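Residue numbers (the numbering used here): 150 to 480.
Reading through the structure tokens given below for one structure.
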């Protein structure tokens, strides 16, 4: 016994299976099956040869003969849902759950590692829970390191941290403090207060927007058009790349295609709302989903607004202008 579920497009599959109620998916069937049985279910996208087969568990039976058709209620185990995620090019959202609980302050401090040859590295920003710094080539994500952090007043504070992330391109790393002594935390707090008080006022600049869109033609069009209207636009074709940009730049507004590879727009928005530095940034969803479903997704994720595709440029400019309190020209 096997079943085939065909979806009109990837958006429908994503919204109904990954974002819907996966506890009980009903399939019509005249063939009975015992509760607890595992049955194969083929998922297909209409008009394409691409498909994936998942294993579902029978969790309910509805006999034929009543008002409704007979069939089976199926549940997809978590490992099968992850298989569907990979089918759509998505990663588990937990891999990106590194939201900051304390605000950062920019700085120009120095740390000296106890390992990795005892090198000295530049600290570019600091918070009560961690820091961002340059790093040696052999530093690995998940590794625990000990180091001395030289504060703005010259005091050297011993600390231990776990490497939260590591980026080869510019040799930067994020360190999360582990079991910092009370005195070290006190000195860190005083240092952060001094740095915040002495931080220079940033010069006037163009508002930064981050756009996540997997269609390169749409991304180029939006980036070009919005740049001409006075915005500094940073684009990404994958959700994980967009999240990295958002965390680094803290943009004034984010435009998210709701279904991009890597991590979808819903999870990006949820991670932003759980980050002390990103939770107030306006998020605008754009999607080919029907408006009713898109409205529900935007509400549940904590988005600020949404637009249905195809996106009208004048409408997008007005939405952006509304949340950035700028007068958006209608063209």
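All C-beta atoms in this analysis are idealised placements derived from N, C-alpha and C, irrespective of residue type, glycine included.
All values reported here derive from a predicted model rather than from experimental measurement.
- Residue ranges of uninterrupted beta strand (DSSP E) with 3 or more members, entirely inside the stretch 366-438 and ordered along the chain, are 381-385, 402-406 and 432-436.
- Looking at 302, 361, 384 and 318, the one whose alpha-carbon comes closest to that of residue 417 is 361.
- When secondary structure is reduced to three states using DSSP, residue 454 falls in the strand class.
- In the DSSP annotation of this structure, residue 304 is not part of any alpha helix (DSSP H), being labelled neither H nor E.
- For residue 261, the uninterrupted beta strand (DSSP E) run begins and ends at 254-262, by DSSP.
- With contact defined as three or more Cβ pairs closer than 8 angstroms, the stretch 392-403 and the stretch 363-379 are not in contact.
- If you look at residue 231, you'll find it in the alpha helix (DSSP H) that goes 227-236.
- Residue 166 holds the alpha-carbon nearest to the alpha-carbon of residue 226 among 277, 239, 166 and 199.
- For residue 473, the enclosing alpha helix (DSSP H) has its first and last residue at 462-473.
- A direct Cα-Cα distance of roughly 13 angstroms separates residue 381 from residue 473.
- Cβ contact annotation for residue 333 (same chain, cutoff 8 angstroms, sequence separation greater than five): 306, 307 and 308, in chain order.
- Taking residue 461 as reference, the option from 447, 232 and 437 with the minimal CA-CA separation is 437.
- Closest in C-alpha terms to residue 161, from the list 440, 211, 455 and 466, comes 440.
- When DSSP states are grouped into helix, strand and coil, residue 344 belongs to the helix group.
- Within the same chain, Cβ atoms closer than 8 angstroms to the Cβ of residue 358 are found at 375, 380, 381, 382, 383, 400, 401, 402, 403, 404 and 469, the five residues on either side in sequence being excluded.
- Annotated three-state conformation of residue 331 is helix, per DSSP.
- Taking each of 465, 319 and 415 in turn and checking the Cα distance to residue 372, the smallest one comes out for 465.
- Looking at the DSSP output, residue 177 shares a beta bridge with 220.
- Here residue 451 has 418 and 422 as same chain residues with Cβ atoms under 6 angstroms from its own Cβ, once five neighbours each way along the sequence are excluded.
- C-alpha of residue 387 to C-alpha of residue 197: approximately 22 angstroms in a straight line.
- Shown here, residue 443 sits in a helix according to DSSP, grouped into three states.
- Counting along the chain, the unbroken alpha helix (DSSP H) around residue 162 starts and ends at 159-162.
- Counting only residues of its own chain and dropping the five nearest sequence neighbours on each side, residue 454 has a CB closer than 6 angstroms to the CB of 433 and 468.
- Residue pairing from DSSP places residue 155 in a beta bridge opposite 193.
- Here the C-alpha atom of residue 252 lies approximately 43 angstroms from the C-alpha atom of residue 203.
- Excluding its 5 nearest sequence neighbours in each direction, residue 229 has C-beta neighbours in its own chain below 8 angstroms: 203, 204 and 205, listed in chain order.
- Comparing alpha carbon positions, the residue from 223, 471, 187 and 296 closest to residue 269 is 296.
- Burial of residue 207 is indicated by the presence of at least 16 other C-beta atoms within 10 angstroms of its C-beta.
- Boundaries of the beta strand (DSSP E) harbouring residue 323: 321-326, taken from the DSSP string.
- Non-local beta-carbon contacts of residue 174 in its own chain, meaning distances under 6 angstroms to residues more than five positions away in sequence, involve 223 in chain order.
- Going by DSSP, residue 279 is part of the beta strand (DSSP E) stretching over 279-283.
- A distance below 7 angstroms between beta-carbons, with the five flanking residues on each side excluded, links residue 325 to the following residues of its chain, in chain order: 278, 279, 310, 311 and 313.
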